[in-house]
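S.K.: Position 33 of the sequence shown, counting from 1, maps to 35 under my numbering, and the rest follow consecutively.
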Amino acid sequence: MVKFEYLKPKSIDEAISLHQSHGQKAKYIAGGTDVMVKIKEGKISPQYLISLRHLQGLGRIIYKDGELRIGAMVTHRMLELSPVIRKEFPILTDSTANIGSVQIRNVATIGGNIINAVPSADGAIPLITLGAEVRIRGPKGERSMALEDIFIGPGQTLLEAGEILLEFIIPKLPPHTGGAYCKHTRRAAMELPILGVAVRISLADDMKTCTEARIGLGVLAPTPMRAQNAESILKGRKLEEKILKRAGEIAAGECKARDSVRGEAWYRRAMVEILVPRLTKVAMERAG
Ligand SMILES: Cc1cc2nc3c(=O)[nH]c(=O)nc-3n(C[C@H](O)[C@H](O)[C@H](O)COP(=O)(O)OP(=O)(O)OC[C@H]3O[C@@H](n4cnc5c(N)ncnc54)[C@H](O)[C@@H]3O)c2cc1C
């Protein structure tokens, strides 16, 4: 039987100091849906699990003056059911409503999803397209960075030992903005994506010309990525059928799809080509 001590700090500083005391023998745990699986599979064997569950202020969703703040301990289920997310950020409802099962979504957190840093993390792609920043605190103090910069490889982030991800900050978006996410899977539930595509666009007052575009791709590179060449073909143009088709082709060309048990590279690229135009249309409808 695997043995560990479960520690329940009451404050962020106490959690960080416990991590410093126990060093590499310690691991933070949020919902535990990734950590416990890894312990059971023998991939990790921490002697101390430091729970983040009792830390104040990490479980809130705050929407004020157009800025959205999501605490790292917010569960996928909280995001899925939040009226403000459904109304203002349906791209996040698209992603969270299809993670695992209700039981998983009730405990699994958005912070854990990001720090686990698998290329298939459903939470990451829409947040990247929304331009989310992350706030982090650790033994050396507090810092912030763009979420898209945090990933350095499969299962790896820029977080240093003892650092805690506190929250995601989504800045106020321009008017006429809409977004959509599609997790492409073989089954509807309890399935990791073959690929994930998110599109967020902002439109000018004519509701046709694109003023800003962001396309996020999951499972199409070792880390979540943006299709920046495809974004630039949309920006400044009227979003007509042929431009959307071209954006899909460019995104398929710039992703780094590979073969895996869940899908082959050629199929992943073909789906990117289809999903980018399709999701851009949904994003345009939502922008309206
Ligand atoms: C049956 C099943 C189905 C699943 N389906 C999906 C799916 O469809 N899509 C998907 O994306 N994922 C899926 N997952 C993976 C998992 O549920 C998510 O990644 C989840 O969001 C992880 O959150 P958690 O709170 O459980 O993280 P934990 O397991 O508690 O932690 C994960 C990692 O993050 C670290 N960590 C957690 N919070 C913080 C923090 N605030 N600061 C610093 N470090 C932190 C931990 O130390 C650990 O390394 C599934 C898992 C299971 C078991």
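The beta carbon of each residue, even a glycine, is placed where N, CA and C say it ideally should be. A quick note: this is a predicted structure, and the numbers were derived from the prediction, not measured.
For Glu-193, which residues of its own chain have a beta-carbon under 7 angstroms away from its beta-carbon, when the five flanking residues on both sides are left out?
M.R.: One-based indexing of the sequence shown puts residue 193 at position 191. Closer than 7 angstroms at Cβ, skipping near neighbours: Thr-187.
S.K.: With a cut-off of 8 angstroms, does the C-beta of Glu-90 fall near any C-beta of chain C?
M.R.: Checking the listed chains, one finds no chain C in this structure; it contains a single protein chain.
S.K.: Which value, in whole angstroms, describes the spacing of the CA atoms of Leu-222 and Val-109?
M.R.: Here residue 222 is taken as the residue at index 220 of the sequence shown, counted from 1. Here residue 109 is taken as the residue at index 107 of the sequence shown, counted from 1. One C-alpha to the other measures close to 27 angstroms.
S.K.: Measure the Cβ-Cβ separation of Ile-217 and Arg-139 and say whether it is below 8 angstroms.
M.R.: Sequence index remark: in the sequence shown, residue 217 carries index 215 (1-based). Sequence index remark: in the sequence shown, residue 139 carries index 137 (1-based). No, these two residues do not count as a Cβ contact at 8 angstroms.
S.K.: Is the beta carbon of Val-120 closer than 8 angstroms to that of Pro-156?
M.R.: Your numbering for residue 156 matches position 154 in the sequence shown. Your numbering for residue 120 matches position 118 in the sequence shown. Their beta carbons are under 8 angstroms apart, which means Pro-156 touches Val-120 by this criterion.
S.K.: Excluding the 5 residues preceding and the 5 following His-78 in the sequence, name in chain order all residues of the same chain whose CB lies nearer than 6 angstroms to its CB.
M.R.: Along the sequence shown, read from residue 1 onward, the residue named residue 78 stands at position 76. For His-78, where only same-chain residues beyond five positions count, the Cβ hits under 6 angstroms are Thr-98, Ile-101, Arg-107 and Ala-110.
S.K.: By Cβ distance below 7 angstroms, which residues in the same chain neighbour Lys-258 in space, the five residues on each side in sequence not counted?
M.R.: Along the sequence shown, read from residue 1 onward, the residue named residue 258 stands at position 256. Contacts found: Leu-222 and Ala-223.
S.K.: Taking the CB atoms as reference points, tell me whether Ala-232 and Glu-214 lie closer together than 8 angstroms.
M.R.: Working through the sequence shown from its first residue, we reach residue 232 at position 230. Working through the sequence shown from its first residue, we reach residue 214 at position 212. No; because the gap between Cβ atoms is not below 8 angstroms, this pair is not in contact.
S.K.: Around the C-beta of Met-209, are 16 or more other C-beta atoms found within 10 angstroms, so that it is buried, or is it exposed?
M.R.: Along the sequence shown, read from residue 1 onward, the residue named residue 209 stands at position 207. Under this definition Met-209 is an exposed residue.
S.K.: Taking only heavy atoms of ligand 1 into account, decide whether any of them is closer than 7 angstroms to the Cβ of Asp-96.
M.R.: In the sequence shown, residue 96 corresponds to position 94, counting from 1. Incorrect: Asp-96 has no Cβ contact closer than 7 angstroms to ligand 1.
S.K.: Mind the definition here: the stretch 20-29 touches the stretch 50-62 only if three or more C-beta pairs lie below 8 angstroms; say whether that holds.
M.R.: Enough Cβ pairs lie closer than 8 angstroms, so yes.
S.K.: Please give the ranges of any beta strand (DSSP E) in the stretch 192-264, keeping only runs that are unbroken, at least 3 residues long and fully inside the region.
M.R.: For the stretch 192-264, whole beta strand (DSSP E) runs of length 3 or above, ordered along the chain, are 197-205 and 212-220.
S.K.: By the 10 Å Cβ neighbour count, where 16 or more other Cβ atoms means buried, how is His-178 classified, buried or exposed?
M.R.: Start at 1 with the first residue of the sequence shown, and residue 178 comes out as number 176. Buried, by the Cβ-count rule.
S.K.: Residues in its own chain within less than 6 angstroms of Ala-249 by CB, not counting five upstream and five downstream?
M.R.: Sequence index remark: in the sequence shown, residue 249 carries index 247 (1-based). Closer than 6 angstroms at Cβ, skipping near neighbours: Ala-232, Ile-235, Leu-236 and Val-278.
S.K.: Grab the span of the alpha helix (DSSP H) containing Glu-150 for me, first residue to last.
M.R.: Position 148 of the sequence shown, counted from the start, is the residue given in the question as residue 150. Taken as a continuous stretch (DSSP letters only), Glu-150 belongs to no alpha helix (DSSP H), as it is neither H nor E.
S.K.: Any idea if Ser-146 is buried or exposed, counting beta-carbon neighbours within 10 angstroms, 16 or more meaning buried?
M.R.: Along the sequence shown, read from residue 1 onward, the residue named residue 146 stands at position 144. Classification for Ser-146: exposed.
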